[in-house]
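Since the structure comes first, as structure tokens, the remarks are kept for the end.
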Amino acid sequence: MASQWSYFDIPPSAARLTGSLRDIGYDFHTAVADLVDNSIAAGASQVDVELVFDPNASYVLISDDGEGMTPAAMLEALRFGSRRDYAPNELGRFGLGLKTGSFSQCRRLSVVSRHTPVRRTCTVRTIDLDYVERVDAWAVLADEGGPGIEAALNRLEERPGTVVVWENLDRVLPDRYAESGWGRRRMASLAKKTAEHLSMVFHRFIAGSTGTEPVTISVNDEKLDPWDPFAGDEKNTISLEPEIFELELEDGSSDIAFRGYVLPPRDKFSTPERFEHMSGPLKWNRQQGLYIYRANRLVQFGGWNGLRGIDEHTKLARASIDFDTDLDETFQINVAKMSVVLPATLKNMLERPIHDLCVRADAAYRQSPSDVDSPRSSPKSASSDSVALREVGVALKAALLESQDLPVFREALNTLRQRHPDLATSLGL
Ligand SMILES: Nc1ncnc2c1ncn2[C@@H]1O[C@H](COP(=O)(O)OP(=O)(O)O)[C@@H](O)[C@H]1O
Ligand SMILES: [Mg+2]
């Protein structure tokens, strides 16, 4: 029946919808990262991720010492699509991550929170998908118990904060494996991958380079070191000058910062171990490219977003792109915060600096006497002449770039292209 406002209000079926909301593209480590976002947004200075293997009763805890939640705030937090406003550059956006991230991995999510420093009172709320399916309602249960929740209450004995508990980990440990050695090994390997991922996406927060206090993050009691994609502490890393690009918005404009880096080749790294470490989760070739940060949190890494291809010769090139949350729609940030789409106007603006960066990276790569990933191209190959010419081209570009005078460099290239187009093509210019 139509209401007095002349519409039909048809709340979605909880039992039907929660199932599909489980599959919106999270991995274990990206789901955990979404919860760490929440902890950082709540002002946490310490976030601990624990994967506890217990045959048939394994659980995951993500604990923080942030500001905690009142019972009312907690209920709103558990709503799919929490109703709230966001300050500029807050890490949240859709009001979904806590729920969708959690249920991508488990069937039972509990949140335990203590808001006040003076009293030890904790609020315990649970959404259990088995229960939701049974009653077909967005049901939140109060004061549930069990080992995971007990552990969470323990973490809040001394201080306020919030602990998220994942139980019934059907996606992590399918039934038949829940009590096996395989299950234990899987939890251990997920912990490792999670540590690697968090060290990377939150590296600025861990290093304290965001202008706020550093955040300590641990996974299974191991404190994470920041993994800076640009190896800023290596003396042979080349940092190019930052460039600012202005993007027009409907109501004004917003700045985007671009900065290119050429990492040192293996023999110019302080140690071979550091070189290996900086190769990153996807390894050198696939870690080349753009590192896109939204409000200092890395939301996409590796690859060139369609601007060019992955190439062994440019594997030392990495660049940061920084945007603020007012550009969320322009960048089409997705719920799982794993990818963005570069606006076409920005792509055009980035072509030139990315080209220049790759020329430098190519030169650094070729100057290196030994590079493990691939032997240098053989001069005896079928197209040896064109290879040699391209090498001359690269050497020429590198030499011109050494002058540090980009306008002169570009003018010289243009003159050459106009006067000797064929030669310029052969030289790869
Ligand atoms: N660890 C936490 N500490 C305090 N508040 C939290 C925490 N996790 C979630 N919240 C609250 O719950 C809300 C919903 O979280 P979430 O579903 O991740 O959506 P979003 O982060 O996009 O707002 C947050 O906006 C915040 O108010
Ligand atoms: Mg969130």
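Plus 3 on top of the position in the sequence shown (first one is 1) and you've got the numbering used here.
All C-beta atoms, glycine included, are put in the ideal place defined by N, C-alpha and C.
In this text, all values refer to a predicted model and were calculated from it rather than measured experimentally.
Straight-line gap, residue i to residue j (C-alpha atoms, nearest Å)
{"i": "residue 245", "j": "residue 10", "result": "53 Å"}
{"i": "residue 379", "j": "residue 290", "result": "Reliability of the predicted coordinates at residue 379 is poor, the pLDDT of 43 falling under 50, and no value is obtained from them."}
{"i": "residue 78", "j": "residue 143", "result": "8 Å"}
{"i": "residue 375", "j": "residue 367", "result": "Interpretation of residue 375 is limited by its pLDDT of 44, a score under 50 that renders its predicted location unreliable; the figure taken from the coordinates is listed afterwards. Each residue's Cα considered, the two are about 14 Å apart."}
{"i": "residue 432", "j": "residue 416", "result": "7 Å"}
{"i": "residue 286", "j": "residue 314", "result": "13 Å"}
{"i": "residue 227", "j": "residue 136", "result": "38 Å"}
{"i": "residue 64", "j": "residue 155", "result": "7 Å"}
{"i": "residue 217", "j": "residue 94", "result": "16 Å"}
{"i": "residue 247", "j": "residue 328", "result": "16 Å"}
{"i": "residue 83", "j": "residue 180", "result": "30 Å"}
{"i": "residue 116", "j": "residue 26", "result": "27 Å"}
{"i": "residue 209", "j": "residue 254", "result": "34 Å"}
{"i": "residue 150", "j": "residue 236", "result": "43 Å"}
{"i": "residue 345", "j": "residue 187", "result": "40 Å"}
{"i": "residue 266", "j": "residue 233", "result": "7 Å"}
{"i": "residue 33", "j": "residue 24", "result": "15 Å"}
{"i": "residue 92", "j": "residue 338", "result": "16 Å"}
{"i": "residue 176", "j": "residue 369", "result": "46 Å"}
{"i": "residue 127", "j": "residue 55", "result": "20 Å"}
{"i": "residue 295", "j": "residue 76", "result": "31 Å"}
{"i": "residue 372", "j": "residue 183", "result": "49 Å"}
Outcome for residue i when other beta-carbon atoms lying within 10 angstroms are tallied against a minimum of 16
{"i": "residue 433", "result": "The question about residue 433 has no answer, for the chain in this structure spans 4 to 432."}
{"i": "residue 200", "result": "buried"}
{"i": "residue 21", "result": "buried"}
{"i": "residue 240", "result": "buried"}
{"i": "residue 274", "result": "exposed"}
{"i": "residue 185", "result": "exposed"}
{"i": "residue 340", "result": "buried"}
{"i": "residue 480", "result": "Since the first residue of the chain shown is 4 and the last is 432, residue 480 is not available in this structure."}
{"i": "residue 303", "result": "buried"}
{"i": "residue 268", "result": "buried"}
{"i": "residue 133", "result": "exposed"}
{"i": "residue 89", "result": "exposed"}
{"i": "residue 292", "result": "buried"}
{"i": "residue 146", "result": "exposed"}
{"i": "residue 105", "result": "buried"}
{"i": "residue 215", "result": "exposed"}
{"i": "residue 230", "result": "buried"}
{"i": "residue 164", "result": "buried"}
{"i": "residue 19", "result": "exposed"}
{"i": "residue 41", "result": "buried"}
{"i": "residue 202", "result": "buried"}
{"i": "residue 211", "result": "exposed"}
In DSSP terms, what residue i is bridged to
{"i": "residue 169", "result": "63, 112"}
{"i": "residue 128", "result": "114, 145"}
{"i": "residue 323", "result": "262, 294"}
{"i": "residue 219", "result": "49"}
{"i": "residue 55", "result": "62"}
{"i": "residue 214", "result": "Bridge partners of residue 214: none, in fact."}
{"i": "residue 306", "result": "292"}
{"i": "residue 162", "result": "None; residue 162 has no bridge partner."}
Quiz item: Pairing CB atoms from the segment 298-318 with CB atoms from the segment 340-352, are three or more of them under 8 Å?
Solution: yes
Practice problem: Mind the definition here: the segment 135-151 touches the segment 92-105 only if three or more C-beta pairs lie below 8 Å; say whether that holds. | Solution: no
Exercise. Kindly confirm or deny that the segment 101-117 and the segment 162-181 touch, where touching means at least three C-beta pairs closer than 8 Å.
Key: yes
Quiz item: In chain order, which alpha helix (DSSP H) runs of at least 4 residues are fully inside the segment 224-295?
Solution: 275-281, 286-290
Practice problem: Determine contact between the segment 56-73 and the segment 155-164, defined as no fewer than three beta-carbon pairs at a distance below 8 Å. | Solution: yes
Quiz item: Do three or more CB pairs link the segment 276-283 to the segment 251-261 at distances below 8 Å?
Solution: no
Self-check item: Stretch pair the segment 210-225 + the segment 319-338: three plus CB contacts closer than 8 Å
Solution: no
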